[in-house]
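*Asks:* The structure that follows is given in the form of structure tokens.
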Amino acid sequence: MSGAQLPVYSVSQVNGYLKELVDGDPLLRGLLVRGEVSNYKCYPSGHHYFSLKDEQGSIRCVMFRGDAARLRFKPVNGLSVIAYGRVSVYPRDGQYQLYCTQLMEDGRGALDRAFEELKKKLEAQGLFDPAKKQPLPAYPRRIALVTSPAGAAVRDMIRILRQRWPLTEVLVVPVRVQGEGAAEEIAAAIHQVNNRDDIDLIITGRGGGSREDLWAFNEEPVAWAIALSNIPVISAVGHEPDVTISDYVADLRASTPSNAAELAVPDQQQERQRLEGLTFRLRQAMEVQLDRDRKELRRLEQSRVLRNPVAVVDDQRMRLDGVQRRLAMALERTLRRGRVELAGLAGRVDAMSPLKVLSRGYAIAKAEGRAVTTVEQVQPGQAMDVLVADGVYHCRVEEKEEQQWR
Numbered sequence: 001m002s003g004a005q006l007p008v009y010s011v012s013q014v015n016g017y018l019k020e021l022v023d024g025d026p027l028l029r030g031l032l033v034r035g036e037v038s039n040y041k042c043y044p045s046g047h048h049y050f051s052l053k054d055e056q057g058s059i060r061c062v063m064f065r066g067d068a069a070r071l072r073f074k075p076v077n078g079l080s081v082i083a084y085g086r087v088s089v090y091p092r093d094g095q096y097q098l099y100c101t102q103l104m105e106d107g108r109g110a111l112d113r114a115f116e117e118l119k120k121k122l123e124a125q126g127l128f129d130p131a132k133k134q135p136l137p138a139y140p141r142r143i144a145l146v147t148s149p150a151g152a153a154v155r156d157m158i159r160i161l162r163q164r165w166p167l168t169e170v171l172v173v174p175v176r177v178q179g180e181g182a183a184e185e186i187a188a189a190i191h192q193v194n195n196r197d198d199i200d201l202i203i204t205g206r207g208g209g210s211r212e213d214l215w216a217f218n219e220e221p222v223a224w225a226i227a228l229s230n231i232p233v234i235s236a237v238g239h240e241p242d243v244t245i246s247d248y249v250a251d252l253r254a255s256t257p258s259n260a261a262e263l264a265v266p267d268q269q270q271e272r273q274r275l276e277g278l279t280f281r282l283r284q285a286m287e288v289q290l291d292r293d294r295k296e297l298r299r300l301e302q303s304r305v306l307r308n309p310v311a312v313v314d315d316q317r318m319r320l321d322g323v324q325r326r327l328a329m330a331l332e333r334t335l336r337r338g339r340v341e342l343a344g345l346a347g348r349v350d351a352m353s354p355l356k357v358l359s360r361g362y363a364i365a366k367a368e369g370r371a372v373t374t375v376e377q378v379q380p381g382q383a384m385d386v387l388v389a390d391g392v393y394h395c396r397v398e399e400k401e402e403q404q405w406r
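In our numbering, the protein residues as written are 1 to 406.
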């Protein structure tokens, strides 16, 4: 090298100098960059690393964990996005990169993707389960409207509720229904209403608007507030084609706020007609029953028991006499059979009587008070009593001799 001596810089000095230059440029402190995601990686630390590329080039990007936690979608390779952040130099590598703080899908597809991802997540957690839907009260005493107090929707709901069923009281719980923080405000209002014991039904929603205007009802806090509500909830967001996450979670979805008011309470005109119909049918049923009772009364009036009560008593007396006669005859037959059976038994007992045996010439020998049946029971010289039909005589054994009479 010729000329004056050039200073020598270290690599870190050069990288540091470049970092100061880049950081000092106002344009690079906050800018939006459109590109296609490539080489996307999410590390265990929670930091996201990727590149944004277009047809002519690419730029390295990093999104730290705190900013990445606010993402409404999961970045994937090939996805077109718009990143917001600052450009700076990483001194260790001498590489410049975009430090992203926000990442948005490019166009309406970003909202659609966020909607579908949250819908899939909440459905997997059971928030859309039909078995968990609560029935609406038939005649709610008080309804809470969780909505903006300034919109046309709340006026329409109040008008329809009062017109259809004036007995229902309406409580307006004012909240913001769009913009940052609206979802948290709606969720807090639903929780607040659940702390009361005088509310029978909740209607939450708003009038029509763009997809972005309705987005608060696609937020997870609102979905969980509706799912955890012990009070039945009607979701009434936008117009008929508009479908939000709250519609899937709520116990009933209404196509519009006005339709929600119609679904919430009965129509007094229809109820009056129904009551008139019931009254007419009840009157008819009563007339039919009265006519049936009149005919039965006339039949009873012509009956014999009412025209001649004594005749019925006479009939019963005659019936009693017949029963007495049959009873006496049955008793007589029973006694007659008993006498015949008794006579037969007496004859058999008499035939077996010892006295009867003695009258036929037999005798009974007794020694020492016991009947003698064998020669072994007495000894020669022993005293004995002999019983005959007309008395007893006393004797003494001279001798004994065994005999076989068979």
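Glycine included, every Cβ here is placed at the ideal spot set by N, Cα and C. None of the values given here were measured: they were computed from a predicted structure.
Exposed or buried, what is H239 when buried is set at 16 or more other beta-carbons lying within 10 Å of its beta-carbon?
*Replies:* Exposed, because fewer than 16 other Cβ atoms sit within 10 Å of the Cβ of H239.
*Asks:* Return the chain-ordered list of same chain residues with a C-beta closer than 8 Å to the C-beta of Q382, the five sequence neighbours on each side being excluded.
*Replies:* Excluding sequence neighbours, Q382 sits near A367, R396, V397.
*Asks:* Taking DSSP's pairing of strands, which residues face G391 in a bridge?
*Replies:* Note: G391 sits in a beta bridge opposite V388.
*Asks:* Mind checking A153: buried by the 16 CB within 10 Å criterion, or exposed?
*Replies:* A153 is buried by the Cβ-count criterion.
*Asks:* Counting pairs of beta carbons, one from the region 265–282 and one from the region 241–253, are three or more of them closer than 8 Å?
*Replies:* The region 265–282 is not in contact with the region 241–253.
*Asks:* Counting only the same chain and skipping the five closest in sequence on each side, list residues whose C-beta sits under 7 Å from that of G46.
*Replies:* Cβ neighbours of G46 beyond the five flanking positions: R65, A68.
*Asks:* Would you list the residues sitting across from S88 in a DSSP beta bridge?
*Replies:* Beta-bridge pairing links S88 to Q97.
*Asks:* Under the three-state reduction of DSSP, which class applies to E341: helix, strand or coil?
*Replies:* Note: E341 maps to helix in three-state DSSP.
*Asks:* State the beta-bridge partners of V397 as determined by DSSP.
*Replies:* Answer is none; V397 lacks a bridge partner.
*Asks:* Secondary structure at T334, three-state DSSP: helix, strand or coil?
*Replies:* Reduced to three states, the DSSP call for T334 is helix.
*Asks:* Once you ignore the five residues that flank T101 on each side, which residues in its own chain have a CB closer than 7 Å to its CB?
*Replies:* The residues are D67, Y84, G85.
*Asks:* Pick out whichever of L111, S88, K133 has its Cα sitting closest to the Cα of L71.
*Replies:* Of L111, S88, K133, the residue nearest in Cα terms is L111.
*Asks:* Please report whether the beta-carbon of M104 lies at a distance below 8 Å from any beta-carbon of chain D.
*Replies:* Note that chain D does not occur in the displayed structure, where there is just one protein chain.
*Asks:* If you count every other CB in all the chains shown that lies within 10 Å of the CB of P380, and 16 or more means buried, which is it?
*Replies:* By the 10 Å Cβ count, P380 comes out exposed.
*Asks:* Curious, which full-length alpha helix (DSSP H) runs of at least 4 residues does the region 230–276 contain?
*Replies:* Whole alpha helix (DSSP H) segments, 4+ residues: 245–249, 257–264.
*Asks:* Taking all protein chains shown into account, decide if P225 is buried (16 or more other Cβ within 10 angstroms of its Cβ) or exposed.
*Replies:* Note that residue 225 corresponds to Ala in the displayed sequence, not to Pro. Burial call: buried.
*Asks:* Between which residues of its own chain and I158 is the CB-CB distance below 6 Å, once the five residues before and five after are set aside?
*Replies:* V170.
*Asks:* Quick check: the region 144–153 against the region 203–215, are there 3 or more CB pairs under 8 Å?
*Replies:* Counting Cβ pairs under 8 Å, three or more are found: they touch.
*Asks:* Which residues share a DSSP beta bridge with M104?
*Replies:* According to DSSP, M104 bridges with I82.
*Asks:* Kindly list the residues whose CB is nearer than 7 Å to the CB of V378, restricted to its own chain and excluding five residues on each side of it in sequence; keep chain order.
*Replies:* Once the five neighbours on either side are set aside, the close Cβ partners of V378 are A367, V372, M384, V397, K400.
*Asks:* For A254, which residues from the same chain have a beta carbon less than 6 Å from its beta carbon, with the 5 sequence-adjacent residues on both sides left out?
*Replies:* Result list for A254: I234, A236, A260, L263, in chain order.
*Asks:* Take the Cβ of D315 as the centre, count every other Cβ of all protein chains shown within 10 Å, and call the residue buried at 16 or more, exposed below.
*Replies:* Classification of D315: exposed, given that the 10 Å Cβ count is below 16.
*Asks:* Indicate whether D213 and Q178 have their beta-carbon atoms separated by less than 8 Å.
*Replies:* A contact, by the Cβ cut-off of 8 Å.
*Asks:* Hey, could you find the ends of the beta strand (DSSP E) K74 is sitting in?
*Replies:* Careful: K74 lies outside any beta strand (DSSP E) and carries neither H nor E.
*Asks:* Quick check on the burial criterion: 16 or more other C-beta atoms within 10 angstroms. Buried or exposed for G35?
*Replies:* By the neighbour-count rule (16 or more Cβ atoms within 10 Å), G35 is buried.
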